[in-house]
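Just so you know, the working numbering puts 590 at position 228 of the sequence shown, and the rest follows in order with no gaps. Take a look at the structure set out below.
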Amino acid sequence: MFAARRQQLLAALGPNAVAIFVGGRLATRSADTEYPFRQDSDFWYLTGFDHPDAIAVLSTRPGPAFTLFVQPRDRAAETWTGYRPGIEGAVADYGADEAHPRESFLEKLPTLVRGADRIYHTLGREPAIDGRIVSLQDEIRRQSRGGVLPAQALVDPRLLVHEMRLKKTPEEIALMQHAAGISLEAHQAAARLAHPGRYEYELEAELARSFRARGGAGPAYGSIVGGGKNATILHYIRNDQPLVAGDLVLIDAGVEYQGYASDVTRTYPVGGRFGGAARDLYSVVLAAQLAAHDASKPGATLPEIHQTTLRVLVEGLRSLGILSASTDEIVSKELYRPYYMHGTSHWLGLDVHDVGAYVVRADDGTTKPRPLAPGMVYTIEPGLYVAADDEKAPAAFRGIGIRIEDDVVVTETGILNLTRDIPKSIDALEAWVQGT
Ligand code: GLY
Ligand code: MN
Ligand code: MN
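Right, here's the structure in full:
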């Protein structure tokens, strides 16, 4: 999988080019403790190398096509912080043609890039590397009688890699489908705890337990467990309040599995029964969500899908007496914004808000929304949020937040919903909470 990606990228780099990818480092949490290591997604995508402080170089010049710079083996360091593949492992287990200590990278850089026509490198991450690349070009220019030309272009390699990452292969889809299955079990286990008196963190803990117990890395992003009005805070992650009878609890949580994120939201009735106002508002969000599914197909665009879902939400807000202007006026003046303030979709993959351009360039230099094509994975996640202190909304709806989020992949003929087995009808959600 990783070798095939490198081949695809090498073919796209063009002749006499060098591409540099700097891997992730350990991040300090506090004092001398660190966050668990998570590899940079581009680096992982191209190498499968899951250790800090590495650099990968891909080259279409004479010499090695794939060079890894890694931390060498070190018995003492490994006793404290764990196994390192080292130079030998980088070649034997990760397919590098050559490997060197990470420390030697700047020293080897001139040999790697001297004479290359194009250098692919992301500026702004490692000032020492940026500076050396620039100074090398100057050195080469000054020595032009030596017969070497400076590079003609310094290009951001993310342009190519992110286009590749946007379109998932069948292997990637299978991993994401597996992730969706783990997220299903986690949601089901957490839903059973959605009863009065339980604390939001108890549901969060159950999600985390389920993710790890099925071989996931953990949550793909901070799990959101918001009871009652906490569900109206989009990125609520304090998760420290007790659940109250008659409220809803919004759970936005998905596992990361072999690097791939799932991103799932369901909104459950605390105690197992939707009350009248919650039921009405939920039915609107569900209708909007299903409309977005229906509008999804190859050639459609995410803004079109957003507009489709938005109109259903707006009709619902009008029918419930939350907004009163005409649908067209509500849409054109964005009067819905207090109740629906986020987009309906984003790309999903190795990152929860995944890479890939949302627009394409037209011939005249303007941009237009990108038509969906097979292999693209995105979320469908409409919601409605009525602030607890919204005096314009009927009292019964205040403090209710609802979102329903699925992960879908575009196929040749339509979409496949990766999270199709996670229920979202009112009856099925009530049954999940009741454990029946
Ligand atoms: N969980 C973040 C999002 O839904 O975009
Ligand atoms: Mn999302
Ligand atoms: Mn989400």
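From the three backbone atoms N, C-alpha and C, an ideal C-beta is built for every residue, glycine too. Please read all numbers here as calculations on a predicted model, not as lab measurements.
Within 10 angstroms of its Cβ, does residue i collect 16 or more other Cβ (buried), or is it exposed?
i       : result
Ala-607 : exposed
Trp-442 : exposed
Tyr-644 : buried
Asp-602 : exposed
His-715 : exposed
Thr-422 : buried
Asp-768 : buried
Thr-729 : exposed
Gly-444 : exposed
Ala-653 : buried
Lys-591 : buried
Asp-656 : exposed
Ser-787 : exposed
Gly-448 : buried
Pro-558 : exposed
Asp-609 : buried
Met-703 : exposed
Ala-542 : buried
Identify, in the order they occur along the chain, each residue of the same chain with its Cβ nearer than 7 angstroms to the Cβ of residue i, setting aside the five sequence neighbours on each side.
i       : result
His-540 : Tyr-619
Ala-758 : Ala-639
Ala-478 : Asn-378, Ala-379, Val-380, Arg-423, Ala-513
Pro-472 : Leu-498
Gly-580 : Ala-570, Phe-573, Arg-574, Glu-618
Tell me which residue opens and which closes the alpha helix (DSSP H) that residue i is part of.
i       : result
Ala-322 : There is no way to answer for residue 322, as the model of the chain reaches only from 363 to 798.
Leu-537 : 532-553
Lys-470 : 467-475
Thr-441 : 437-443
Gly-588 : Careful: Gly-588 lies outside any alpha helix (DSSP H), inside the beta strand (DSSP E) at 586-589.
Tyr-563 : 562-575
Asp-791 : Residue identity differs from the one stated: residue 791 is Leu in this sequence, not Asp. 788-796 is the span of the alpha helix (DSSP H), which, as asked, contains Leu-791.
Glu-501 : 489-504
Asp-690 : 689-694
Consult DSSP for residue i and reduce its assignment to one of helix, strand or coil.
i       : result
Pro-604 : strand
Arg-446 : coil
His-668 : helix
His-524 : helix
Asp-459 : coil
Asp-768 : strand
Gly-678 : helix
Arg-628 : strand
Gly-763 : strand
Ala-623 : strand
Gly-486 : coil
Gly-451 : helix
Which residue marks the beginning of the beta strand (DSSP E) containing residue i, and which one marks its end?
i       : result
Val-517 : 515-517
Arg-480 : 480-482
Pro-434 : Neither: Pro-434 is in no beta strand (DSSP E) and is coded neither H nor E.
Val-510 : Counting along the chain, Val-510 falls outside any beta strand (DSSP E), and DSSP gives it neither H nor E.
Ile-777 : 777-779
Ile-599 : Careful: Ile-599 lies outside any beta strand (DSSP E) and carries neither H nor E.
Ile-821 : Past the boundaries of the shown model lies residue 821; the chain is included only from 363 to 798, so the question cannot be answered.
Ordered along the chain, which non-local residues of its own chain (more than five positions away) have a Cβ less than 8 angstroms from that of residue i?
i       : result
Leu-408 : Phe-364, Arg-367, Arg-368, Leu-371, Phe-383, Ala-418, Leu-420, Val-523
Leu-679 : Val-646, Leu-685, Ile-692, Tyr-698, Tyr-701, Leu-746
Phe-411 : Gly-385, Gln-401, Phe-405, Ala-418, Leu-430, Val-432, Pro-447, Ala-452, Tyr-456
Return no unless some Cβ of chain D is closer than 9 angstroms to the Cβ of residue i.
i       : result
Gly-638 : Included in the structure is just one protein chain, with no chain D present.
Say yes only if the C-beta of residue i is nearer than 8 angstroms to one or more non-hydrogen atoms of ligand 5, and no if none qualify.
i       : result
His-708 : By its list of ligands, the structure shown excludes ligand 5, since it contains just ligand 1, ligand 2 and ligand 3.
What residues in its chain sit with their C-beta under 6 angstroms from that of residue i, if we drop five residues either side in the sequence?
i       : result
Gln-499 : Pro-512
Tyr-828 : Lying outside 363 to 798, the shown extent of the chain, residue 828 is not represented and no answer is given.
Which full runs of the alpha helix (DSSP H) of 4+ residues lie inside the segment 703-761, going along the chain? Runs of the alpha helix (DSSP H) inside the segment 703-761: none found.
For the segment 373-426, list the alpha helix (DSSP H) runs that are entirely contained and at least 4 residues long, ordered along the chain. Within the segment 373-426, the alpha helix (DSSP H) runs of at least 4 residues that lie entirely inside it are, in chain order, 403-409.
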